[in-house]
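Take a look at the structure below.
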Amino acid sequence: AVPTATAASAAAFGAERPLGDSRRLDRAQLRRLQKIPRKDAEGEVKLSSVTQSTVNLVKNIVGAGMLSLPSGVAAFSSSPKAVPPALGLALLAAFFSAYGFILIAQACAATGETTYTRVWAKSVSSNTKFLPAIACLAKAAIGCISFSMILGDCISLMLSPLHLPALIAHRDAVIMIITVTVLYPLCSLKSLAPLAKFSLLGVLSNFFICSFIALRCIDGSYAKGGSLFHAAPLAPQFVASGSAFSQLFHPGISVLLSILATAYLAHYNAPLFYEQLAPDPKTGKKEQRFVLVSIIGFCVAGLIFSLVMAGGFLTFGKHSMGLILNNYAATDHLALFARGAIVMSLVTAYPLVFLSLRKQVLELAEDKAEELAEKPRLMTICLLAGITAIALRLRNLGVVAALAGASFGSFLVYVAPPLMVLGAQHRGLAEKPKGVLGLLARATQLFLVPLGLGLGSI
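Going by our numbering, the first residue of the sequence shown is number 3, and it counts up by one from there.
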């Protein structure tokens, strides 16, 4: 998922102090700057309506991660009967993810803090604030690695019909070339505001990809006897098996669960969404509005994910790759446009994810943060070099997405949110819920913690 909302905070932070600025800031000043909401030219805080926040949330959730979902289904079945239970799991993940998103906002309201790490420190323990910090850092790093992998795969397939030398068109060469010529200059920008105009383009790209995957599933181009059957890298493979319910007991289902754990991950931006949501003009409160934004946003994302997951798997079955676009033939003209769409989306989104990674590194560095901040180019080169080296070694995006979900996504989505709310209540920062609904809420929160721990251990 692309952190679009982070772009707004990044632009605001950059307007106050460019990353390349040589003036020195102590950590207290950095923390104060990070808490400053985005402002307009007149100096008034620009808050978002329910519609704007919902659109931004969908943009934040829906991204390249959806392209690994068909491989999650293929990990535990080769039968079309696996689709219904997989869709059920996707919708359940959307529900629990939305609830975790809402819980983070409740913790923010209780503590008065505006970042994930500071909310944890105030509601749970300041001694363990490194846990969410490391999880956010790792998620940003894995996001950049995934983006580099997808760019290498898609561009190399787009170039394959041209029969260019391997020195230029091979996947590894593409990753290194685009990192040096495109990603490094973009990640070195002092302000990311110029990239904001491409935000809508990224959303349209994702909808085009969803439509393309659905179309190829329906028109049968890759089915046996279809016009593109022999042109596909791998022929579709389907094997009849037991009932739909029996598919849930295959050990490979853990791969899909792990991918789903990170597919809906936008929770590190929940404090920002809550802070920038305009309150109800009648009551002056924003809690109910935030609930509405969360429900609609995650439901829309769930429908998009379901379309990609079902469409991709029903087209290629057991042979669905970690990046589903790799399954489509290089001679498929619509696939060419789909790959171009995801390349454009990722190139403009990459600097935003990279900025999040760099900020997390500075936050963990603490005493050395100021020294590192004064050498932004060196820091950018070192981080990009590490990301690129890992992307060159890895091949299966589905495995990377599953690792991200199992190791870090589960903590940020399922474990940390209820712990922060329960901790705030225990410390007297928030009232404990009462009545039947209160007991149900508390039971759900207590259920999410072992659920997240279980997903993180499989």
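C-beta atoms are modelled at their ideal positions from N, C-alpha and C, and glycine is treated no differently.
{"Item": "Once DSSP output is grouped into helix, strand and coil, what is the label at Leu431?", "Value": "coil"}
{"Item": "Taking Cβ to Cβ, would you say Ala393 is nearer than 8 Å to Ile144?", "Value": "no"}
{"Item": "In the DSSP assignment, find the alpha helix (DSSP H) that holds Glu376 and state where it starts and stops.", "Value": "Unbroken run through Glu376: none, as it is neither H nor E."}
{"Item": "My parser needs the alpha helix (DSSP H) runs of 4 or more residues fully inside the region 132-172; what are they?", "Value": "132-161, 168-171"}
{"Item": "Would you kindly work out how many angstroms separate the C-alpha atoms of Gly454 and Leu258, rounded to a whole number?", "Value": "14 Å"}
{"Item": "When DSSP labels each residue in this structure, what does Gly314 get in the three-state scheme?", "Value": "helix"}
{"Item": "Closer than 7 Å: is that where the CB of Phe103 sits relative to any heavy atom of the ligand NAP?", "Value": "The ligand NAP is not part of this structure, which contains no ligands at all."}
{"Item": "Can you round the beta-carbon distance between Tyr266 and Val415 to whole angstroms, since I take them to be within the 8 Å contact cut?", "Value": "7 Å"}
{"Item": "Tell me the DSSP secondary structure of Leu230 in three-state form.", "Value": "coil"}
{"Item": "Can you give me the Cβ contacts of Ile38 inside the same chain, cut-off strictly under 6 Å, excluding the 5 residues immediately before and after it?", "Value": "With a pLDDT of 42 at Ile38, under the threshold of 50, the modelled position of that residue is not reliable, and no figure is offered here."}
{"Item": "Identify, in the order they occur along the chain, each residue of the same chain with its Cβ nearer than 7 Å to the Cβ of Ala464, setting aside the five sequence neighbours on each side.", "Value": "No information on residue 464 is available, as it lies outside the stretch 3 to 460 that the chain covers here."}
{"Item": "Rounded to whole angstroms, how far is the Cβ of Leu386 from the Cβ of Thr183, which I believe are closer than 8 Å?", "Value": "Between Thr183 and Leu386 the Cβ distance is about 12 Å, and since that is not below 8 Å, they are no contact."}
{"Item": "What do you reckon, are the CB atoms on Leu139 and Gln290 nearer than 8 Å?", "Value": "no"}
{"Item": "Tell me where the alpha helix (DSSP H) around Thr53 begins and ends.", "Value": "52-63"}
{"Item": "Drop a sphere of 10 angstroms on the beta-carbon of Gly254, count the other beta-carbons inside from all chains shown, and report buried for 16 or more, exposed for fewer.", "Value": "exposed"}
{"Item": "Can you tell me the Cα-Cα spacing of Arg379 and Asp174, whole angstroms?", "Value": "24 Å"}
{"Item": "How should His321 be labelled, buried or exposed, when 16 other C-beta atoms within 10 angstroms of its C-beta is the threshold for buried?", "Value": "buried"}
{"Item": "Which stretch, first to last residue, makes up the alpha helix (DSSP H) that contains Thr183?", "Value": "Here Thr183 belongs to no alpha helix (DSSP H), and DSSP marks it neither H nor E."}
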